[in-house]
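Okay, so here's the structure we're looking at.
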Amino acid sequence: MYQAPRGTQDILPHDQAYWRFVEEKAEKICQLYGYKRIDTPVFEQTSLFRRSVGEGTDIVEKQMYTFEDQGGDSMTLRPEGTAPVCRAYIEHGMHNLPQPVRLYYIGPIFRYERPQAGRYRQHRQFGVEAIGDADPALDAEVISMAWEFYASLGLKGLTLQLNSIGCKVCRPDYLEKLRQYYSGHAQALCPDCGRRLRQNPLRLLDCKKPSCQEIVKGAPRIAEHLCQQCARHFDALKGYLDGLEIPYELNPYLVRGLDYYTRAVFEIQPREGGAQSALGGGGRYDGLIEQLGGTPAPAIGFATGLERIILNLRQQGIELPPIPGPEVYIAYLGEKAKKEAIKLAAKLRRAGIGATMALGDKSLKSQLKQANSLALPQTLIIGENELKKGVAVLRNMALGEQVEIPLSQVVTRLKKEA
Ligand code: HAM
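For the sequence shown, the positions run 42 to 459 when the numbering used here is used.
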């Protein structure tokens with residue numbers, strides 16, 4: 042028996058209401074904030090991710106689905122959405138548009154991870170990118186968008202963690218201080234942190250191993266080593282968030298898992314979740330467009346995993362509006378009535394009334410049973426007698442009441458009830 046690949050899942054019809062709900066709220070918030078949809082391919086040249094996400098990161102080192110295509114080019118299923126959007130911004134000359142360009146996407150993301158609750162090898166992200174402006178008010182806009190989005194879903198008990206990780210002016214000095222501090226603890230570090238110390242020292246700050254966390258506590262904090270411009274930017278952002286009454290917690294150890302970030306970074310987590318359970322995260326990436334060969338353009342973005350949102354919606358028992366289905370089931374008895382039923386179903390659908398028809402030559406009882414199990418509110422029944430009289434029987438399934446209506450009036454009658 043074949044099964045869905047490990048770490049992937051089928052989204053079955055009875056679960057679709059969650060997906061539709063979340064995606065509709067995402068579209069709505071984007072419309073309110075003036076973000077336009079962009080869809081990029083699910084695969085890109087491998088080097089795009091190597092250059093942007095960063096060589097030393099877990100994503101590039103361990104998690105990419107990379108393959109050589111028939112033409113011998115190295116391709117990678119996108120492990121995140123920011124780099125493809127930046128590639129598209131540059132490729133389509135979007136720096137000529139009024140800045141910032143506000144974009145969003147919803148689509149599948151692929152990471153070869155150890156599957157567990159809320160962690161998949163294929164997941165779906167809703168992300169936004171605002172490219173072309175350095176104003177901290179744009180940071181506040183993106184953070185507020187994320188915050189309002191979760192609120193619109195009805196999710197409660199979320200925390201917003203915020204940090205600034207500086208820029209190319211102030212970060213090198215800070216990293217040197219960090220290296221010096223950690224060199225004094227090199228013996229006690231876990232093997233991963235040993236590697237981070239050489240390749241990616243900022244990531245030392247978010248090691249989850251208890252022994253390393255003890256060492257982190259004494260590490261120099263980047264917020265205390267920001268250059269004047271970064272500090273001013275961060276203060277302004279905090280001021281705007283205060284004004285919006287969006288509560289945040291300053292987390293000096295929040296560094297994120299992708300190398301392109303500069304200045305403000307943030308994550309939103311359920312209060313009980315723990316560090317592995319971020320619902321969403323993002324930050325500024327002021328150097329990325331230039332690094333990918335574009336005209337320099339500062340930018341900020343955010344992305345959130347739909348599976349994790351749905352997990353939290355379920356845990357919090359949030360009720361969803363059902364996806365509307367057909368309103369009427371058409372039952373028939375005999376071949377002649379069946380022909381009429383087929384025509385009637387088509388007529389109803391053309392008038393915008395959803396209809397499902399019986400099939401085969403089942404008894405009326407078993408047709409009604411099926412109508413019941415499909416939970417359709419009404420059934421139209423056509424038999425030989427009804428045909429002769431030019432009527433159909435309309436049965437209200439909940440009340441068990443039925444009335445005869447002329448075939449010619451079925452559409453208008455059902456329209457009135459809808
Ligand atoms: P990220 O934090 O790597 O950021 O991923 C964003 C969100 O995707 C996470 O907070 C989580 O909800 C979800 N996610 C990540 N990996 C998985 C997984 N294996 N299974 C299920 N859900 C997952 C980014 O990808 C950045 N591109 C965000 C960004 C946009 N920064 C600026 N603009």
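Positions of the beta carbon are idealized from the N, C-alpha and C atoms, including for glycine.
Which same chain residues end up closer than 6 Å to residue i when comparing Cβ atoms and leaving out the 5 residues on each side of it in sequence?
{"i": "residue 354", "result": "none"}
{"i": "residue 177", "result": "274, 277, 278"}
{"i": "residue 375", "result": "425"}
{"i": "residue 45", "result": "51"}
{"i": "residue 165", "result": "149, 347"}
{"i": "residue 256", "result": "226"}
For residue i, count neighbouring C-beta atoms within 10 Å of its own C-beta (all shown protein chains included) and say buried if the count is 16 or more, exposed if not.
{"i": "residue 401", "result": "exposed"}
{"i": "residue 461", "result": "Look at the range of the chain in this structure, 42 to 459, and you will see that residue 461 is not part of it."}
{"i": "residue 192", "result": "exposed"}
{"i": "residue 242", "result": "buried"}
{"i": "residue 240", "result": "exposed"}
{"i": "residue 453", "result": "exposed"}
{"i": "residue 90", "result": "buried"}
{"i": "residue 410", "result": "exposed"}
{"i": "residue 316", "result": "Model confidence at residue 316 stands at a pLDDT of 47, short of 50, so the residue's coordinates are unreliable; what they give is reported in the following sentence. So residue 316 ends up on the exposed side."}
{"i": "residue 210", "result": "exposed"}
{"i": "residue 383", "result": "exposed"}
Keeping to the same chain, check which residues put their C-beta closer than 8 Å to that of residue i; ignore five residues upstream and five downstream.
{"i": "residue 123", "result": "93, 168, 170, 299, 301, 326, 329, 342, 344"}
{"i": "residue 110", "result": "116"}
{"i": "residue 47", "result": "156, 162"}
{"i": "residue 333", "result": "89, 92, 93, 124, 127, 128, 131"}
{"i": "residue 58", "result": "361, 362, 363, 364"}
{"i": "residue 259", "result": "222"}
Give me, in chain order, the residues of the same chain whose beta-carbon lies closer than 7 Å to that of residue i; leave out the 5 immediate sequence neighbours on both sides.
{"i": "residue 119", "result": "83, 84, 85, 125, 150, 151"}
{"i": "residue 267", "result": "205, 207, 211, 275"}
{"i": "residue 282", "result": "181, 184, 289"}
Helix, strand or coil: how does DSSP classify residue i here?
{"i": "residue 242", "result": "helix"}
{"i": "residue 342", "result": "strand"}
{"i": "residue 447", "result": "strand"}
{"i": "residue 412", "result": "helix"}
{"i": "residue 316", "result": "A caution first: residue 316 carries a pLDDT of 47, below 50, which makes its placement in the model unreliable, though a value can still be read off. Here residue 316 sits in helix by DSSP."}
{"i": "residue 232", "result": "helix"}
{"i": "residue 186", "result": "helix"}
{"i": "residue 396", "result": "strand"}
{"i": "residue 55", "result": "helix"}
{"i": "residue 433", "result": "strand"}
{"i": "residue 83", "result": "coil"}
{"i": "residue 290", "result": "strand"}
{"i": "residue 403", "result": "coil"}
Inset, instruction - Pick out the complete beta strand (DSSP E) segments inside the stretch 141–182, 3 residues or longer, and give them in chain order. - result: 142–151, 163–172
Legend entry - contact_flag[the stretch 415–428, the stretch 360–369] where n(CB pairs < 8 Å) is 3 or more: Contact check between the stretch 415–428 and the stretch 360–369: three or more CB pairs, one atom from each, fall below 8 Å, which counts as touching.
Legend entry - At least three beta-carbon pairs within less than 8 Å, the stretch 387–399 to the stretch 226–234: no
Inset, instruction - Count the C-beta pairs between the stretch 194–211 and the stretch 355–365 that are closer than 8 Å, then say yes if the count reaches three, no if not. - result: The stretch 194–211 is in contact with the stretch 355–365.
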